[in-house]
Amino acid sequence: MPIQFTRVAAQKFSVDFKQRIVTVYRNFPELDRVIICGCISRGSRLLGAAQSWTNPQKISLQPGVANTVIAHELVHLLQGDGIPHGEKQCDVWTVARLDKELLDSKPHYILYGWTADRWHRNKDAAKQLCIQAIEYRRSNRNYIVWLSEELKRLK
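Each residue of the sequence shown is one higher than the one before, starting from 0 at the first, in numbering that gives the first Met the number 0.
Here it is as C-alpha cells:
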C-alpha cells in the first residue's frame, strides 16, 4: 500500500478519513513510493506538515482535515521536481491538480481572506485560473502576481 499509517494515525484516524487520504493520493501518480502518514495533535496550530527530505517521505495531518489540506501536503513532497517551493506555489499546484469534486475547502495561502461561501461559488473558476497560472509561469515569472489579480476579480 503506498500510504502507510503510523500506529497513532491508524488509531486516531477514522476509516472514512483514511479512505479520503488514499483517494486524494491517487491524484498524484508520480508519488509511486511509500509515504508515511502520521497524526498531528488537535491542539497544534498546524493542520498538516510534510517532510520531503526523509526516506520514506512523510506527511502528518490533524484528524479529519479537508481534502485540500491532504493534497497540499502531498504537493510539498513534489516541490523542487518541476514544482517551485513555497506555500502559495503549493496552493496553486494543489488546486490545479486536485479533482474538482475533492476541492472541499479553500486553499489558505492564495485565498487568504476569502469566505467559505465565496470559495464554493468560485472554486471552478479558481481551479481554471490556477491551471492557467501554471501555463503562464512558462513565460512569466510573475505568475503568482497575475493569479492574485485574477482571483480578486472573482466575487
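For each residue, glycine too, the CB sits at the ideal point set by N, CA and C.
Out of the options, point me to the one whose CA is closest to residue i's CA.
| i | options | result |
| --- | --- | --- |
| residue 134 | 117, 82, 120 and 152 | 82 |
| residue 146 | 129, 1 and 85 | 129 |
| residue 32 | 1, 65, 105 and 100 | 1 |
| residue 4 | 36, 72 and 117 | 36 |
| residue 99 | 121, 114, 88 and 110 | 121 |
State the start and end residues of the unbroken beta strand (DSSP E) segment that holds residue i.
| i | result |
| --- | --- |
| residue 50 | 47 to 50 |
| residue 34 | 34 to 38 |
| residue 60 | 56 to 60 |
| residue 3 | 2 to 4 |
From which residue to which residue does the alpha helix (DSSP H) around residue i run?
| i | result |
| --- | --- |
| residue 137 | That residue, residue 137, is in no alpha helix (DSSP H); it is neither H nor E in DSSP. |
| residue 20 | 14 to 24 |
| residue 147 | 142 to 151 |
| residue 64 | Unbroken run through residue 64: none, as it is neither H nor E. |
| residue 154 | Per DSSP, residue 154 belongs to no alpha helix (DSSP H) and is neither H nor E. |
| residue 88 | 86 to 96 |
Is the beta carbon of residue i less than 9 angstroms from the beta carbon of residue j?
| i | j | result |
| --- | --- | --- |
| residue 67 | residue 102 | yes |
| residue 24 | residue 34 | yes |
| residue 27 | residue 70 | yes |
| residue 52 | residue 74 | no |
| residue 108 | residue 123 | no |
| residue 153 | residue 125 | yes |
### Task
Kindly confirm or deny that the segment 43 to 52 and the segment 60 to 69 touch, where touching means at least three C-beta pairs closer than 8 angstroms.
Touching, yes, given that three or more Cβ pairs across the two stretches are closer than 8 angstroms.
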